[in-house]
Amino acid sequence: MRILILILIVFAMPLKAIDTYTFENPENEERFKALSSELRCLVCQNQTISGSNADLAKDLRKQIYEMIHKGQSNQEIIDFMVERYGDFVLYKPPLKATTIVLWIGPFILLIIAIVVLIRIGRHHSKPSKLDEQQREQMRKLLEGQGEEK
Amino acid sequence: MLKYLLPLVLFVIMLGFLLVGLKLDPRTVPSPLVDKPLPGFTLPQLDTPDKVFNPEQMKGQVWLLNVWASWCVACRSEHPILNAWVRQSGVNIVGLNYKDETQAAKRWLSQLGNPYSTNVVDADGRVGIDWGVYGVPETFVIDKRGIIRYKHIGPISVDAVQSILKPLMTKLAGEPA
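Same order as they appear, the protein sequences are chains A and B.
Mapping of the first sequence onto my numbering: residues 1 to 149, in sequence order.
Mapping of the second sequence onto my numbering: residues 1001 to 1177, in sequence order.
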């Protein structure tokens, strides 16, 4: 029973980090939510800034909040982060020379897979190379097996 | 023959990727600040809060900015290495005391030794954000013109000092200011 209660408590905990920020208008709040879930928390790496309780994520949420408050655009805020933490801070990496493999790699793999599939398919549908005599022999063998049973 | 060799070759290639991947440290994120001018700041010094420090003062010198805090466990492991390095070759290390309590930071230095020529206080971590700090300790190598030339993430090891930092700093010292 105790364990059950413990499990319930753990699952009842909020999964998102919570701060109390007040926004002038709902659009700004939406922007805050969108931005903080587009940016990676570098300490935890597999969490967004919005989902992390790490100290740095808190600081960066505060930074985003203040920049929105000052009336800066989404692009300005994203540029600010990229300037400091690099493209890695973005969950959607930009299309650049260094990230080209990331973007087109899956398509190249898909093309290779299709080519391989087609070749295997052709290989299997080739007509058999037995001549008439071998065919006769094969028929006999198969029939012979049938008689034995 | 090729039919049987091809899967083997593909397997070896994939194995190669895996081996390289195993050696990469996912915590080391390349800093966009390398080869760029350092982000400027003016911060109070740790032992004399009425005095400020500005990296402009360091123009013409090759120096290190070491981001540390008394709450940082990994800093404890690099601290003796910094101490020894300073004792041996008098390297110029400025400490950025990141989101720390002044008292705790001072106690830390008096107990473990002080390798820093100057320590500055970044109480709210603002300068840390400007420098793209995400995991303390971090160390920046800055050249005579105030350009960041290298960033070391995580605690400095003896090996990193010998094979990377020292040779780099010697090279930078030879560059014109």
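Heads up, the beta-carbon is just placed ideally off N, CA and C, and yes, glycines get one too.
Source: prediction; values computed, not measured.
Best match in the options for proximity to residue i [C-alpha to C-alpha]
i	options	result
A:Leu60	A:Phe80, A:Glu30 and A:Ser73	A:Phe80
B:Asp1047	B:Leu1024, B:Pro1007, B:Asp1143 and B:Glu1101	B:Glu1101
B:Gln1111	B:Leu1033, B:Val1120, B:Val1094 and B:Asn1083	B:Asn1083
A:Leu35	A:Ile68, A:Gln137 and A:Ile100	A:Ile68
A:Arg84	B:Asp1122, B:Ile1129, B:His1079 and B:Trp1063	B:Ile1129
A:Tyr21	A:Ile100, A:Ser52, A:Tyr65 and A:Ile77	A:Tyr65
A:Ile77	A:Ile112, A:Leu6, A:Gly144 and A:Arg31	A:Arg31
B:Ala1123	B:Ala1069, B:Ile1093, B:Ile1081 and B:Leu1010	B:Ala1069
B:Asp1035	B:Val1141, B:Ile1153 and B:Ser1163	B:Val1141
A:Leu39	A:Lys58, A:Lys70, A:Lys140 and A:Ile104	A:Lys58
B:Asn1097	B:Leu1018, B:Pro1137 and B:Gln1061	B:Pro1137
B:Thr1118	B:Pro1049, B:Ser1157, B:Arg1126 and B:Glu1078	B:Pro1049
B:Trp1071	B:Gly1016, B:Gln1103 and B:Val1120	B:Gln1103
A:Gly71	A:Gly121, A:Cys44, A:Val43 and A:Glu24	A:Glu24
A:Ser50	A:Pro26, A:Val82 and A:Val89	A:Val89
B:Thr1028	B:Leu1172, B:Thr1139, B:Val1009 and B:Gln1057	B:Thr1139
B:His1079	B:Ile1156, B:Gln1057 and B:Pro1032	B:Ile1156
Residue i - DSSP class collapsed to helix/strand/coil
i	result
A:Val89	helix
A:Lys149	Unreliable placement is indicated for A:Lys149, whose pLDDT of 48 sits below 50; no coordinate value is reported for it.
A:Tyr21	coil
A:Thr48	strand
B:Gly1174	coil
B:Met1001	coil
B:Pro1030	coil
A:Asn28	helix
A:Glu143	helix
B:Leu1024	coil
A:Ala54	coil
A:Lys96	coil
A:Asp131	coil
A:Ser37	coil
A:Met138	helix
A:Asp59	helix
A:Met1	coil
Cβ separation of residue i and residue j, assumed to be a contact under 8 Å, to the nearest whole Å
i	j	result
B:Pro1115	B:Val1086	4 Å
B:Leu1109	B:Asn1092	The Cβ separation is near 17 Å, so there is no contact.
B:Leu1168	B:Arg1145	Not quite, the Cβ-Cβ distance comes to about 15 Å (not below 8 Å), so this is no contact.
B:Pro1039	B:Val1052	No, B:Pro1039 and B:Val1052 are not in contact; Cβ-Cβ is about 16 Å, not under 8 Å.
B:Gly1095	B:Ala1177	At roughly 24 Å, the Cβ-Cβ gap does not stay under 8 Å, so B:Gly1095 and B:Ala1177 are not in contact.
A:Pro94	A:Leu102	10 Å between Cβ atoms; not a contact.
B:Val1062	B:Ala1173	5 Å
A:Val43	B:Tyr1134	6 Å
Paired residues, beta bridge with residue i - DSSP
i	result
B:Pro1044	B:Val1052
A:Leu42	DSSP lists no partner for A:Leu42.
B:Pro1037	B:Ile1147
Residue i CB to nearest heavy atom of the ligand GDP below 8 Å
i	result
B:Pro1155	With respect to small molecules bound, the structure shown includes none, and the ligand GDP cannot be examined in it.
Q) Which full runs of the alpha helix (DSSP H) of 4+ residues lie inside the region 1114-1165 of chain B, going along the chain? A) 1126-1130
(Q) As an exercise, report each continuous alpha helix (DSSP H) stretch of at least 4 residues that is fully enclosed by the region 1053-1119 of chain B, in chain order. (A) 1073-1089 and 1102-1112
Q) Enumerated in chain order, which unbroken segments of the beta strand (DSSP E) with a length of 3 residues or greater are wholly contained in the region 61-87 of chain A? A) none
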